[in-house]
Amino acid sequence: MGKLQSKISFHTAKYRADGSVEETGPVRAVQQHGPAHTDAVTSVAALKPDLCVSGGRDKSVAVCSWRSGAALRRFVGHEREVTKVTSAPESNRGFSASRDKTVMMWELHGTSGPSQHFPGHDLVVTGLAVSPDASQLCTGSRDNTMCKWDTETGECLGRAAISRNLVTHLCWVPGEPYVIQTSEDKTIRIWDSRELQVAHTFPAKQHIQTCCDVSQDGRYCLSSSSGSAGEGGEATLWDLRQTRNRVREYKGHFQTTTSCVFFPRGPALAPSIATSSYDSTVKVWDQHSGACLATLCLEGSGPLASLAVCDSSTLLCASFNSGIHVLQMSDHADLLLEEVAAF
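Shown next, in the form of structure tokens:
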């Protein structure tokens, strides 16, 4: 991966209850490993407790140890930029989507080529969601279609199209046959994967919905919004089980919020979420109150594209200019979010 270097981060901040900001840097040395990609990293996902899979503009898919920054595998097969990557929990399989309109499956311990192809979309593929048992894959595209696939055979099991439904992201509801989808038409849809039909559509937002995530218990969904100059850019919490209404919003980013994720419950941490933005910041929020608990500015990173949760205190953040950042929360007197490594 290249020579290991260190740098000091000065850009951790914590938010007081009155809304004022207290700078807390410098903090700790950041371990700088050789880059996982030679160009912008567009998507990152947790593969196993200590591994991640990522995709980039360099058309490659990389499997890395986020603890050491070591690249374990690199897969090349797409003809254009990789737009999304995903994997099933504790799986040896990764999936990637690309601007070349294709989706591929990769085996962590297999050959360097794809073990399965999923062709069929007419435009760039922008959404991927794999079932918990990794037997089925849902894909979405800017061609307004959703497709369902058998991961073993590559067979397309279903296809549905909705006018103006330019898919931006997909995620599977844990333990359920449902898939959440965000769209450029500003809506969030719940799909029943069994018949590939829309089971529910949430009220449209004011801005494009860029990303979605579901809590581990399947009770809540998050979506994030496009924005600029302080307008939009919020994350929204939705109820999936009872009223299916909007529960809360998290406002504070100045540009498009590109990713939103739930943290798993930790022993000492209240339920929380994280968001990343084109404004180069990552924010951690109290899920229940909506209070911003910590903000980290990754100076020089450029737009932040994607977040992945490794454990109850560790985040991975993909950036356009500076690779993948390893972020950790330290719960001392006040919650701090710190960058500890980059690769």
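Quick note, the sequence shown lines up with residues 1 to 343 if you use UniProt numbering. C-beta atoms are modelled at their ideal positions from N, C-alpha and C, and glycine is treated no differently.
Limits of the beta strand (DSSP E) - the one that residue i falls within
{"i": "arginine 246", "result": "246 to 250"}
{"i": "phenylalanine 262", "result": "257 to 262"}
{"i": "arginine 93", "result": "93 to 98"}
{"i": "histidine 325", "result": "324 to 331"}
{"i": "lysine 101", "result": "Per DSSP, lysine 101 belongs to no beta strand (DSSP E) and is neither H nor E."}
{"i": "phenylalanine 75", "result": "71 to 76"}
{"i": "glycine 140", "result": "136 to 141"}
{"i": "tryptophan 285", "result": "281 to 286"}
{"i": "alanine 29", "result": "29 to 32"}
{"i": "threonine 126", "result": "125 to 130"}
{"i": "leucine 296", "result": "292 to 297"}
{"i": "glycine 110", "result": "Careful: glycine 110 lies outside any beta strand (DSSP E) and carries neither H nor E."}
{"i": "valine 173", "result": "Looking at the DSSP string, valine 173 is not in any beta strand (DSSP E), and its letter there is neither H nor E."}
{"i": "tryptophan 66", "result": "Tryptophan 66 -> no beta strand (DSSP E), and no H or E assigned at all."}
{"i": "serine 272", "result": "272 to 277"}
{"i": "glutamate 338", "result": "335 to 342"}
{"i": "serine 115", "result": "Looking at the DSSP string, serine 115 is not in any beta strand (DSSP E), and its letter there is neither H nor E."}
CB-CB length for residue i against residue j, believed under 8 Å
{"i": "serine 223", "j": "cysteine 212", "result": "5 Å"}
{"i": "serine 98", "j": "threonine 83", "result": "6 Å"}
{"i": "lysine 283", "j": "glycine 252", "result": "6 Å"}
{"i": "leucine 327", "j": "leucine 337", "result": "6 Å"}
{"i": "phenylalanine 262", "j": "leucine 269", "result": "Between leucine 269 and phenylalanine 262 the Cβ distance is about 12 Å, and since that is not below 8 Å, they are no contact."}
{"i": "isoleucine 324", "j": "leucine 315", "result": "Wrong, their Cβ atoms sit about 10 Å apart, outside the cutoff."}
{"i": "arginine 73", "j": "leucine 108", "result": "7 Å"}
Whether residue i touches residue j by CB criterion (8 Å)
{"i": "leucine 123", "j": "serine 141", "result": "yes"}
{"i": "valine 214", "j": "isoleucine 190", "result": "no"}
{"i": "alanine 305", "j": "threonine 42", "result": "yes"}
{"i": "threonine 102", "j": "histidine 117", "result": "yes"}
{"i": "alanine 235", "j": "cysteine 260", "result": "yes"}
{"i": "serine 193", "j": "tyrosine 178", "result": "yes"}
{"i": "alanine 45", "j": "valine 85", "result": "yes"}
{"i": "aspartate 279", "j": "phenylalanine 254", "result": "yes"}
{"i": "cysteine 297", "j": "threonine 281", "result": "yes"}
{"i": "alanine 29", "j": "phenylalanine 343", "result": "no"}
{"i": "alanine 88", "j": "proline 49", "result": "no"}
{"i": "cysteine 221", "j": "isoleucine 188", "result": "yes"}
{"i": "glycine 218", "j": "leucine 240", "result": "yes"}
{"i": "glycine 233", "j": "threonine 256", "result": "yes"}
Whole-angstrom distance between residue j and residue i, CA atom to CA atom
{"i": "lysine 59", "j": "glycine 77", "result": "8 Å"}
{"i": "threonine 145", "j": "valine 167", "result": "8 Å"}
{"i": "serine 135", "j": "asparagine 92", "result": "13 Å"}
{"i": "threonine 182", "j": "histidine 33", "result": "34 Å"}
{"i": "aspartate 331", "j": "glutamate 299", "result": "23 Å"}
{"i": "alanine 229", "j": "tyrosine 250", "result": "16 Å"}
{"i": "glycine 158", "j": "aspartate 334", "result": "49 Å"}
{"i": "aspartate 150", "j": "cysteine 156", "result": "7 Å"}
{"i": "glycine 69", "j": "valine 61", "result": "15 Å"}
{"i": "leucine 51", "j": "leucine 128", "result": "19 Å"}
{"i": "glycine 120", "j": "arginine 244", "result": "33 Å"}
{"i": "serine 301", "j": "serine 313", "result": "21 Å"}
{"i": "threonine 24", "j": "alanine 291", "result": "Reliability fails at threonine 24, whose pLDDT of 43 lies under 50, so the model's placement of it is uncertain and the value that follows must be treated cautiously. One C-alpha to the other measures close to 18 Å."}
{"i": "aspartate 100", "j": "serine 322", "result": "24 Å"}
{"i": "glycine 113", "j": "glycine 56", "result": "17 Å"}
{"i": "leucine 47", "j": "alanine 318", "result": "15 Å"}
{"i": "glutamine 209", "j": "methionine 329", "result": "27 Å"}
{"i": "methionine 104", "j": "threonine 126", "result": "13 Å"}
{"i": "serine 272", "j": "threonine 111", "result": "39 Å"}
{"i": "alanine 71", "j": "glycine 154", "result": "28 Å"}
{"i": "aspartate 143", "j": "serine 277", "result": "25 Å"}
{"i": "serine 96", "j": "glutamate 231", "result": "32 Å"}
{"i": "glutamate 22", "j": "threonine 258", "result": "Low per-residue confidence applies at glutamate 22: pLDDT is 43, beneath 50, and the placement is therefore not dependable enough to give any value."}
{"i": "proline 174", "j": "glutamate 90", "result": "14 Å"}
{"i": "valine 130", "j": "glutamate 81", "result": "21 Å"}
{"i": "proline 26", "j": "cysteine 310", "result": "With a pLDDT of only 47 at proline 26, under the threshold of 50, the placement of this residue in the model should not be trusted, and no figure is reported."}
{"i": "tryptophan 106", "j": "valine 247", "result": "38 Å"}
{"i": "proline 203", "j": "lysine 186", "result": "9 Å"}
{"i": "glycine 227", "j": "leucine 307", "result": "18 Å"}
{"i": "glutamate 184", "j": "tryptophan 172", "result": "19 Å"}
{"i": "glutamate 79", "j": "serine 54", "result": "16 Å"}
{"i": "leucine 237", "j": "glutamine 216", "result": "14 Å"}
{"i": "leucine 137", "j": "serine 289", "result": "35 Å"}
{"i": "glutamate 176", "j": "alanine 161", "result": "22 Å"}
{"i": "serine 115", "j": "valine 63", "result": "15 Å"}
{"i": "glycine 94", "j": "glutamine 242", "result": "33 Å"}
{"i": "histidine 207", "j": "valine 198", "result": "21 Å"}
Can you give, in chain order, each stretch of the alpha helix (DSSP H) that sits fully within the segment 190 to 224 and has at least 4 residues?
Runs found: none.
Ignoring anything shorter than 3 residues, give me the beta strand (DSSP E) runs that lie fully in the segment 144 to 171, in order along the chain.
Within the segment 144 to 171, the complete beta strand (DSSP E) runs of at least 3 residues are 145 to 150, 156 to 161.
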